[in-house]
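There are 2 protein chains.
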Amino acid sequence: MSATPPRLCDGPTSQTTVPRPYHHGDLRAALLQAAEEELAERGMEAFSLRSVAKRAGVSHAAPAHHFGDAQGLLTALAADAFRQFLAAQAAREAAAETDPASQLVAAGMGYVDFAIARPTLFRLMWQSDRPDFDVPDLGLAARAAFQHLVDQVAAAGGRSTADEAAVWALAHGLADLLASNRLRGVGSLDPQARDVMVASIIRRALPGA
Amino acid sequence: MSATPPRLCDGPTSQTTVPRPYHHGDLRAALLQAAEEELAERGMEAFSLRSVAKRAGVSHAAPAHHFGDAQGLLTALAADAFRQFLAAQAAREAAAETDPASQLVAAGMGYVDFAIARPTLFRLMWQSDRPDFDVPDLGLAARAAFQHLVDQVAAAGGRSTADEAAVWALAHGLADLLASNRLRGVGSLDPQARDVMVASIIRRALPGA
DNA sequence: CTCCTATCTTGACAGTGTAAGGATATGGGT
DNA sequence: ACCCATATCCTTACACTGTCAAGATAGGAG
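Pasting the structure below:
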């Protein structure tokens, strides 16, 4: 899935330009992918609906039918991101010991994993006011994502608001600074060494430590 | 040679429109303040150079002479913000005990203070790609600001990269979540109770704890 | 076959950032 | 007193953006 998929060439390529089929087939998914690529390459500031449409090989107004406006596209992209974010935490938990403390540390590591692997989406989720969190699809996904960490804290024996805040803030701060590449001392480690250090840092916030 | 604009207050307030003097006097500072107000009221997404100029009562191209372009204005605003940010930490330190651990906790609380008091500037500093950190004025101010926390960690006995990362990540995560109003359990406390809780949370990351 | 609907295109409009050049004040030199 | 050099601010213009309105196109239901 590299370049624009020239699909459905019913008509023989008689035109000088590659004949673009009128109906894309799965434009919605293609636009979401193009949007993430645009964000990664050109940044949130330079993000433009028209660039996304051009990248998907489609007219500048085509996204409107699927997402309404630019905010709608970014809202849908952020909702998908929160679901992947939760999946990253679940992946760490599945590979960890089953005791509550280990599960909590694993969730935090998944939180950080996602921020390092998909910094563009992480910034869209937490550091942009363009997605509309009042849209149920995004609001529910977001609440589910960080409620998960709160639940893990409670399971690990956390009782106070301070316990929740400490774990969340530490995981979030690590993730944020790493996604922005501002923690060179940690971010430049190889993955294994980084895992060890991240785990040891997250453990500092554990309730009753 | 077009429709001559109503200008030039030779007579004192004789015109119906408020006579705008051709030379503002301190347009640069006025633009910085207007920019912060615009950001606070309408958000980073809706930020526009023209709106800032209109708020300062000046033509849409007047900012160019002082800041070059929109990025230049936001860069200058961010640089000022980092200096105020550092001042907030210094204020807390001056009011704290002089032992290294107390000074470190005080710095972290100043970090959080600023995020709560000026969330708009905090987000500009850490969550926007519009300021240009390659401009020396901003780059130096930013490095000085977070280097300060690292120095405090070392003074308090921190030896490892993990110590630095833990303290910075915890303070930054707290500040970020509070600036975005996502830690209701902490953010809704009265200032004194919040201070106590923030201090207790930051202490968890202290080296050797 | 006809018609309906979803999808995509084209064309238009207001608003934006920025560059180029003109207008205006301030102050220093004569 | 006059004149001009400079900094400051304005006007105009252009390319680009998001969004709306209306038309074109495909695929399927009847």
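Protein sequences appear in the order of chains A and B. Okay, so the first sequence: first residue is 1 according to my numbering, each after it adds one. Okay, so the second sequence: first residue is 1001 according to my numbering, each after it adds one. Note that the Cβ used here is the ideal one computed from N, Cα and C, for glycine as well.
Next item on the list: Could you tell me if R1092(B) is buried or exposed, where buried requires 16 or more neighbouring beta carbons within 10 angstroms of its beta carbon?
Entry: buried
Check: Along chain A, which residues have their Cβ under 7 Å away from the Cβ of M1044(B)?
Finding: Ordered by position in chain A, the residues that pass the 7 Å Cβ test against M1044(B) are D129.
Checklist line | C-alpha distance - H172(A) paired with I1116(B), whole-angstrom precision | finding: 17 Å
Margin query: What are the residues in the stretch 80-99 of chain A lying within 9 Å of chain B by C-beta distance?
Written below: none
Notebook entry, point to check: For L1121(B), which residues of its own chain have a beta-carbon under 6 Å away from its beta-carbon, when the five flanking residues on both sides are left out?
Noted result: Taken in chain order, the residues that qualify are A1081.
Notebook entry, point to check: Taking Cβ-Cβ distances shorter than 8 Å, what residues in chain A pair up with A1166(B)?
Noted result: Going along chain A in sequence order, the residues near A1166(B) (Cβ under 8 Å) are L170, I201 and R204.
Notebook entry, point to check: Going along chain B, which residues have a C-beta under 8 Å from L183(A)?
Noted result: A1165, W1168 and A1169
Next item on the list: Check the C-beta distance from A1101(B) over to L1178(B) and give it rounded, since I have them as a contact under 8 Å.
Entry: 22 Å between Cβ atoms; not a contact.
Next item on the list: Could you tell me if L140(A) is buried or exposed, where buried requires 16 or more neighbouring beta carbons within 10 angstroms of its beta carbon?
Entry: exposed
Note to self: In whole angstroms, give me the CA-to-CA distance for D1069(B) and A1078(B).
What the structure shows: 14 Å
Note to self: With distance defined between alpha-carbon atoms, name the residue in A155(A), P131(A) and S59(A) nearest to T224(A).
What the structure shows: The requested residue 224(A) is not part of the displayed model; chain A covers only 1 to 209.
Checklist line | Euclidean distance between Cα positions of L32(A) and D134(A) | finding: 20 Å
Check: What residue range is occupied by the uninterrupted alpha helix (DSSP H) comprising Q1127(B)?
Finding: No alpha helix (DSSP H) holds Q1127(B); DSSP gives it neither H nor E.
Check: If we count Cβ pairs, one from each stretch, closer than 8 Å, do we get three or more for the stretch 28-48 of chain A versus the stretch 59-73 of chain A?
Finding: yes
Next item on the list: Identify which residue in L73(A), R50(A), L104(A) and A90(A) has its Cα closest to the Cα of G157(A).
Entry: Out of L73(A), R50(A), L104(A) and A90(A), L104(A) has the C-alpha closest to the C-alpha of G157(A).
Checklist line | Start and end residues, alpha helix (DSSP H) containing V1135(B) | finding: From DSSP, V1135(B) is part of no alpha helix (DSSP H); its letter is neither H nor E.
Next item on the list: State the Cα-Cα distance for the pair P19(A) and R55(A), rounded to the nearest angstrom.
Entry: Low confidence applies to P19(A): its pLDDT is 49, below 50, so where it sits in the model is not reliable, and the reading given next is rough at best. Approximately 16 Å between the Cα atoms of the pair.
Check: Is the shortest distance between the beta-carbon of T1120(B) and the beta-carbons of chain A less than 7 Å?
Finding: So no, T1120(B) is outside the interface.
Next item on the list: Measure how close the beta-carbons of M1109(B) and V1198(B) come, nearest whole angstrom, since I'm counting them as under 8 Å.
Entry: Indeed they touch by this definition, with Cβ atoms about 6 Å apart.
Check: Of all Cβ atoms in chain B, is any one closer than 7 Å to the Cβ of V196(A)?
Finding: no
Next item on the list: Report back the beta-carbon spacing between L149(A) and A107(A) to the nearest angstrom; my notes put them in contact at under 8 Å.
Entry: 6 Å
Note to self: Let me make sure I understand the geometry here. Which of L170(A), R123(A), R203(A) and D99(A) has the alpha-carbon closest to that of L1183(B)?
What the structure shows: L170(A)
Next item on the list: Could you give the DSSP three-state label for V1058(B): helix, strand or coil?
Entry: coil
Notebook entry, point to check: Hey, how far is the Cα of A166(A) from the Cα of I1201(B)?
Noted result: 6 Å
Notebook entry, point to check: If A144(A) sits next to L49(A), beta carbons under 8 Å apart, how far is it from one beta carbon to the other, in whole angstroms?
Noted result: A144(A) to L49(A), Cβ: 28 Å. No contact.
Note to self: So V1186(B) contacts chain A; which residues on that side make the cut at Cβ distance below 7 Å?
What the structure shows: T161 and A165
Check: Per DSSP, what kind of secondary structure is A142(A) in: helix, strand or coil?
Finding: DSSP places A142(A) in helix when its eight states are reduced to three.
Note to self: Buried or exposed, going by whether 16 or more other CB atoms sit within 10 Å of the CB of V196(A)?
What the structure shows: exposed
Next item on the list: Express the C-alpha separation of F1146(B) and D1113(B) in angstroms, rounding to a whole number.
Entry: 15 Å
Check: In whole angstroms, what is the alpha-carbon distance linking S59(A) and A1053(B)?
Finding: 34 Å
Check: Going along the chain, which residues of its own chain have a beta-carbon closer than 7 Å to the beta-carbon of N181(A), five neighbours each way excluded?
Finding: Here the set comprises G187.
Note to self: Can you give me the C-alpha to C-alpha distance between R1042(B) and G1057(B), rounded to a whole angstrom?
What the structure shows: 18 Å
Next item on the list: Could you tell me whether any Cβ in chain B is nearer than 7 Å to the Cβ of G110(A)?
Entry: Chain B, which has no Cβ nearer than 7 Å to the Cβ of G110(A), makes this no.
Notebook entry, point to check: What does L140(A) touch in chain B if you count any residue whose Cβ is under 9 Å from its own?
Noted result: Correct list: empty, because the minimum Cβ distance to chain B is about 16 Å.
Item checked: Min CB distance D1137(B) to chain A below 7 Å -> no
Notebook entry, point to check: chain B partners of L174(A), CB-CB under 8 Å?
Noted result: Below the 8 Å Cβ cutoff, chain B contributes A1165, A1169 and G1173 as neighbours of L174(A), in chain order.
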